[in-house]
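> The opening residue of the sequence shown carries number 1 in our numbering; numbering runs sequentially from there. We put the beta carbon where it would ideally sit given N, CA and C, even for glycine. Structure incoming, see below.
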Amino acid sequence: MNIVLIGMPGCGKTTIGVKLAEKLGIPFFDTDMLIEKIYNETIPEMFKKGEEYFRLKESQVVELVSNKDCCVISTGGGVILNDSNIKNLKRRGVIFFINRDLDAIIKTIDTSNRPLLKDKNKIFELYHQRIELYRKYCDYEIENISIDDTIDKIIKICKSYM
């Protein structure tokens, strides 16, 4: 079983994913990092070719990483925009929506490598566009108040699958 993390950019998916995988002793994969590594382009470079181009590469990487077993997968914030991504991730995974207070995201997010978030007001717009999709596709919604508490909640839920 894979542990899949979805949520807004800046909600803590990568930080939580790394620590969670380390605690469980299983591999960690970040789809955004894999996209850049596999295609040898940064995400901003891909977005210059169009969001559709990036989403295609993202879907290819999601399909690839979804075939792994017993790992933690942190996804890009827009992974929920493509139904096939969710189908692939659910095939072997339990999906956790990491929901973090929007004000906390805005205060801490680094927008330098996030093409869709150059304008902080865009974060509000994306949140309202995506929140229902995150809730629709997740198996569990976890409020990210603290990293350690979030990790403990995920582990507790995952134990019920074993």
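Can you tell me where the alpha helix (DSSP H) with residue 151 in it begins and where it stops?
Reading the sequence shown from its first residue, position 151 is the one you call residue 151. Per DSSP, residue 151 belongs to the alpha helix (DSSP H) from 147-159.
> In whole angstroms, give me the CA-to-CA distance for residue 98 and residue 143.
Working through the sequence shown from its first residue, we reach residue 98 at position 98. Working through the sequence shown from its first residue, we reach residue 143 at position 143. Taking the straight line from one Cα to the other gives about 6 Å.
> Check whether the stretch 26-45 and the stretch 153-160 are in contact - that is, three or more C-beta pairs closer than 8 Å.
No, because fewer than three Cβ pairs between the stretch 26-45 and the stretch 153-160 fall closer than 8 Å, the two stretches do not touch.
> Quick check on residue 106: does DSSP put it in helix, strand or coil?
As a first step, residue 106 must be located in the sequence shown, where it is residue number 106. Residue state, collapsed to three classes: helix.
> Classify residue 11: buried if its beta carbon has 16 or more other beta carbons within 10 angstroms, exposed otherwise.
As a position in the sequence shown, residue 11 is number 11, starting the count at 1. Answer is buried; the Cβ neighbour count reaches 16.
> Alpha carbons only, please: which of 107, 67, 93, 102 is nearest the one belonging to residue 162?
To locate residue 162, count along the sequence shown from 1; it is residue 162. When each option's Cα is compared against that of residue 162, the closest is 93.
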